[in-house]
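Numbering (my numbering), first residue to last: 117 to 232. Note that beta-carbon positions come from the ideal geometry of N, C-alpha and C, so glycine has one too. The structure displayed is predicted, hence computed values, not measured ones.
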């Protein structure tokens, strides 16, 4: 049995190939499944490990590494690829774990972000 002390895990290293110590894919997914939060930053260079974590949490990526998400409804400073949100942290802190969320696919040809 694993006991978690922290409530939120930040992973801002999209190219990481493996974690150190006892931290691995299963422990990250166990952390999320236990009701804790994961904030994951990715880009086109995301490693297989990071993509697998995201996929297990219900997020799919387009195979084309040049694919982007464009938001025409809530953008910042005239840049439609810079997403603006006031309640992002509240949303991230309130999700229930990967088993209870529906899948979210981000295809190459979307012209705006849709709610998952």
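Among the candidates the options, whose CA atom is the shortest distance from the CA of residue i?
i, options, result
"residue 122", "159, 151, 169", "151"
"residue 131", "138, 137, 156, 149", "156"
Could you pull out every residue in the same chain whose Cβ sits closer than 7 Å to the Cβ of residue i, ignoring the five residues on either side in sequence?
i, result
"residue 167", "177"
"residue 182", "160"
"residue 134", "165"
Please check the pair residue i and residue j, which I expect to be a contact at CB under 8 Å, by giving their CB distance rounded to whole angstroms.
i, j, result
"residue 127", "residue 153", "In fact, because the Cβ distance is near 11 Å, the residues do not count as touching under 8 Å."
By how many angstroms is the C-alpha of residue j removed from the C-alpha of residue i?
i, j, result
"residue 129", "residue 136", "13 Å"
"residue 209", "residue 171", "Residue placement at residue 209 cannot be trusted, given a pLDDT of 48 that sits under 50; the coordinates are not used to answer."
"residue 149", "residue 174", "12 Å"
"residue 146", "residue 158", "20 Å"
"residue 169", "residue 138", "16 Å"
Short of 8 Å in beta carbon distance, which residues of its chain neighbour residue i, apart from the five on each side in sequence? Order them along the chain.
i, result
"residue 162", "130, 131, 170, 177"
Is the stretch 138–145 touching the stretch 175–184 in the sense that three or more CB pairs, one from each, lie closer than 8 Å? no
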